[in-house]
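Its first residue numbered 1250, the sequence shown is counted upward by one per residue in the numbering used here.
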Amino acid sequence: WLVKPATTPTRRRYHTFEMNIRLSIIILIFSIVSCAETTTSENVTVLLNQSGSEWFRYGEMKMWKPNQADINIAENTIPKVIEDNKTDYDVKEIYQNIDDYYFQLVPYLDKNNRKIIYVNSLCKSFVENPIPNSETKEQKTEIEWKSHLFNVDDGYNCFWQVQLDIEKETYFDFSVNGI
């Protein structure tokens, strides 16, 4: 014997209320998860899955996803690198124009499982005024710096790199491209 529950206006209101509560909980959870995404400054991007890329100079490395605190450490350490090296001939202009650079952050674990972020710096003129494609002669308005790691030969102080040890909050292997 099956007894079908009576569908009264009160029961329907309760059912609607229950569905609204469930929907609200789902929206709340989605909002919390969305807010957990890491954010960067406008001129900073995090490039994940660059290991094995022909442009990633450290070859096959295990990658990791930085959290907001890691991104903050990187963004705060980059100016310190330039400040510490501003007396070097090729760094003086970088120091004077640090706000005119774009930064690609590539997080990887080194052979000792230390969290390292490789920082690839691109000057504003390169990003905003790219050279036309030599094969197609296509002129882009801006390079795809937020999705593709760039490894540029020469270019002087338009391009420089450094590695950040996130746990120690230190840097190493700072280099400026040649002329």
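Even for Gly, the Cβ is constructed at its ideal location relative to N, Cα and C.
Hey, residue i and residue j: beta-carbon distance below 8 Å or not?
i	j	result
Glu-1342	Asn-1406	yes
Leu-1413	Ile-1380	no
Asn-1292	Tyr-1350	yes
Lys-1364	Glu-1418	no
Val-1340	Pro-1315	no
Phe-1423	Val-1330	yes
Leu-1371	Phe-1421	no
Ile-1327	Thr-1289	no
Measuring alpha carbon to alpha carbon, tell me which residue in the options is nearest residue i.
i	options	result
Asn-1325	Trp-1409, Lys-1395, Phe-1352	Phe-1352
Ser-1374	Ile-1347, Ile-1365, Lys-1364, Lys-1386	Ile-1347
Leu-1297	Leu-1398, Asp-1359, Tyr-1350, Glu-1291	Leu-1398
Gln-1388	Lys-1395, Val-1376, Ser-1396	Val-1376
Met-1312	Ala-1318, Gln-1345, Lys-1360, Thr-1336	Lys-1360
Gln-1410	Glu-1393, Lys-1386, Thr-1289, Asn-1334	Asn-1334
Asn-1378	Lys-1386, Ile-1392, Glu-1384, Ser-1396	Ile-1392
Met-1310	Glu-1384, Lys-1395, Asn-1362, Asn-1400	Asn-1362
In the DSSP assignment, what are the bridge partners of residue i?
i	result
Leu-1354	Val-1295, Val-1368
Phe-1421	Gln-1412
Three-state secondary structure (DSSP) at residue i?
i	result
Gln-1412	strand
Lys-1311	strand
Ile-1347	helix
Asn-1334	helix
Asp-1339	helix
Thr-1326	helix
Asn-1426	coil
Phe-1399	coil
How would you label residue i, buried or exposed, when you count the other beta carbons within 10 angstroms and need 16 or more for buried?
i	result
Ala-1323	buried
Asn-1369	buried
Ile-1402	It is Asp, not Ile, that sits at residue 1402 in the sequence shown. Label assigned to Asp-1402: exposed.
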